[in-house]
Structures are given as structure tokens and as C-alpha cells.
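Okay, structure first, notes after.
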Amino acid sequence: MHTTMLRSLSLLTLLGISSLSFCAHSSAFTEAEEAVEYRQSALQLMRENFSVMADMVRGDIDYDAATFETRAEAFYHASHLPWDGFRDAGENFRGDGDALPAVWENWDDFSQRIEQLKSDAKALSEASASHDMSTIRSSFMSTARNCQQCHDRYRE
């Protein structure tokens, strides 16, 4: 698990650095395939961190406060990354991704869900510092519901 966490944090760092360099440009991506690859990588990073937390919340693996906090913090930071990959060159382009056309047809709703996810991820990261599983579970379930609702509507 330590190797997986280091790999996740390394990917998060690389994605964060690459997203910072994109801020200086008017368009983050010139090729649609790059945009899809970027958003898929960022979403995979989110999924990997969330899965470990889910296993702890369900009791499938022992709760480890330090690991949970690290994963929650990584999830929070990763929750800011994938969305540029849905705009500019990635707009209306699915490639081999799972994004449905509804993402772009309902961009305002999708954007609101993104903002809610960021807020939920921040609350989860803050709750993880409490080391109180009932506080953590409540925040985790709120985040999970938001994720599921978005997947149900916008993911194949």
C-alpha cells in the first residue's frame, strides 16, 4: 500500500505541476486526445485515493488515521485537476473516454457538481483530521453521493 500511495502522490505532483504550466496558456491542450488522457489520469488518481478511503470506511481494511488523512488530502488536491480536460480541445470530445455528451450539453449543471465535489473533498480532508470515524463517514458518504450522482448522469 505504501508503494501505491507514493505512486499516487507522485502522479498528483506531476499533474499539479503540469496543470500550473497550462495556466499560462489560453488553451491547456492543443490535441483532444491529450485532454482526454489528462482528465482520465486525474480521475484515476481521484479514484485510487477514494477507493482506499472507502475500504477503511466499510471496514474492509483497518482504519489507519495517517493513511486516511494522506488519501483525503490527495483526493482534495486531485479534485481540482481533471476539469480543464473537458474544455478547449477536450470539449465535446469523448475519445476512448467514458464522458457522455450530456457533460457539454448540461455544462452549467456539470460545473456546479464540480464545485460541490471540491467542497465535499475539502470537508472530507478536514474531517479526516478529526480521526473520528462517525465524522469521517458522514463526510465521506456526502462525497460518495456526489460522485455517484455525477457518474450516473455524465459517465457511460
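What the sequence shown shows, in mature numbering (1 follows the signal peptide of the UniProt record, and there is no 0), is residues -23 to -1, 1 to 133, in sequence order.
In this text, a Cβ means the ideal position worked out from N, Cα and C, and glycines have one as well.
Each residue's CA atom was taken as its position, placing Asn83 and Ala5 some 21 Å apart. The residue from Ala12, Ser56, Asp75 and Tyr40 with its alpha-carbon nearest to that of Lys95 is Ser56.
Annotated three-state conformation of Arg24 is helix, per DSSP. Close CB contacts of Leu77 within its chain, under the 7 Å cut and outside five residues either way in sequence, are with Tyr131, Arg132 and Glu133 (chain order). For Arg48, same chain residues with a beta-carbon under 6 Å away, outside a window of 5 residues either side, are Asn26, Val29 and Met30 in chain order. A straight-line Cα-Cα distance of about 23 Å links Asp41 and Arg122. Ranking Arg90, Arg16, Met110 and His108 by CA distance to the CA of Trp60 puts Arg16 first.
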